[in-house]
Structure formats: C-alpha cells, structure tokens
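K.L.:
Got a structure here, written out as structure tokens. Questions coming.
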Amino acid sequence: MVRLATIGTNFITEYLLEASRHCTGFTLEAVCSRNEQTAKAFAQKWGAKRYFTSVDDLAACPDVDAVYIATPNFTHHEYAMKLLAAGKHVLVEKSAAANQREYQQMLALAEQKGLV
C-alpha cells in the first residue's frame, strides 16, 4: 500500500483524489498547505490522516511514501528536491520545472535515490 500525500489544495488535487477513489493500492496519508485552516479542512474532506503546513515537516514524516505536488510551478523544483532527498517518490504537476537544468537535477536525484 502506497501512503500518499498531496501538496496543494486546489481543484487539480481534487481531480486526482476523486479519480483515486476508483483505484486500489494507496491511501491518502497527509495533505500540506501553507494555510493551516485550509490544510485541516482539505484533510477532513478527503479523509487524510494528518495535515502539514510545512514541506519540511511533510518530508520528515515516516508515514508518507509518495507526494503529489500541485503547487505554483516556481515551487516544484524546491519541493521535489526536498522530498526526493527525504526518500519520497514524487508526482509533479506540469510544468514539472522552470527549465531543463532544474528538471535534470530532479531526475538525477530521483535516479540516485532509486525513486520515481
């Protein structure tokens, strides 16, 4: 069972979670948003076991295997690198990175860590 977390509480995250109701093999473990009230409400709505307001705290959570990143594009590289460094698989919404250099850094770290 893959223990999933999301960063971002927008409509695209809701589309992913709605579609996931038809899938097996993973559970929504956590959500992360900068705003605590938003994070808490989103976690309650979708049945997440916990919520975070810090990507660093999410990265440190041993109960999360993979993270869906659906935040503004300029944050993707920073968040993905933190999560990959912490041993988390990542699924990054498009555009995955601002440029080719950032994308190659993300791919290299994922490969080095044996992550997707």
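Numbering-wise (this note's numbering), the sequence shown opens with residue 8 and increments by one. Yeah, the Cβ is synthetic: ideal placement off N, Cα and C, and Gly gets one too. These numbers were taken from a predicted model, which means no experiment stands behind them.
Please look up how many angstroms separate the CB atoms of residue 123 and residue 115, rounded, as I've assumed it's under 8 Å.
P.N.:
About 14 Å; that fails the 8 Å criterion.
K.L.:
Return the bridge partner residues of residue 98 from the DSSP annotation.
P.N.:
According to DSSP, residue 98 bridges with 75.
K.L.:
Could you check which residue in 24, 32, 30 has the C-alpha nearest to that of residue 38?
P.N.:
Among 24, 32, 30, the Cα nearest to that of residue 38 belongs to 24.
K.L.:
Quick check: the region 31 to 46 against the region 100 to 111, are there 3 or more CB pairs under 8 Å?
P.N.:
Flag = no, the region 31 to 46 and the region 100 to 111 do not touch.
K.L.:
Measure how close the beta-carbons of residue 74 and residue 95 come, nearest whole angstrom, since I'm counting them as under 8 Å.
P.N.:
Contact holds; Cβ gap of about 5 Å.
K.L.:
What do you reckon, are the CB atoms on residue 91 and residue 97 nearer than 8 Å?
P.N.:
The answer is yes: Cβ separation under 8 Å.
K.L.:
Could you tell me if residue 26 is buried or exposed, where buried requires 16 or more neighbouring beta carbons within 10 angstroms of its beta carbon?
P.N.:
Its Cβ having fewer than 16 others within 10 Å, residue 26 is exposed.
K.L.:
Entirely within the region 22 to 54 and at least 3 residues each: give me those beta strand (DSSP E) ranges in chain order.
P.N.:
Correct list: 33 to 39.
K.L.:
Report buried or exposed for residue 49, applying the criterion of at least 16 other Cβ atoms within 10 angstroms of its Cβ.
P.N.:
The residue in question, residue 49, is buried, as its Cβ has 16 or more Cβ neighbours within 10 Å.
K.L.:
Give me, in chain order, the residues of the same chain whose beta-carbon lies closer than 7 Å to that of residue 83; leave out the 5 immediate sequence neighbours on both sides.
P.N.:
If we look at residue 83 and ignore the five residues flanking it on each side, its Cβ neighbours are 76, 99, 103, 104.
K.L.:
Which word fits residue 9, buried or exposed, when buried means at least 16 other C-beta atoms lie within 10 angstroms of its C-beta?
P.N.:
Answer is exposed; the Cβ neighbour count stays below 16.
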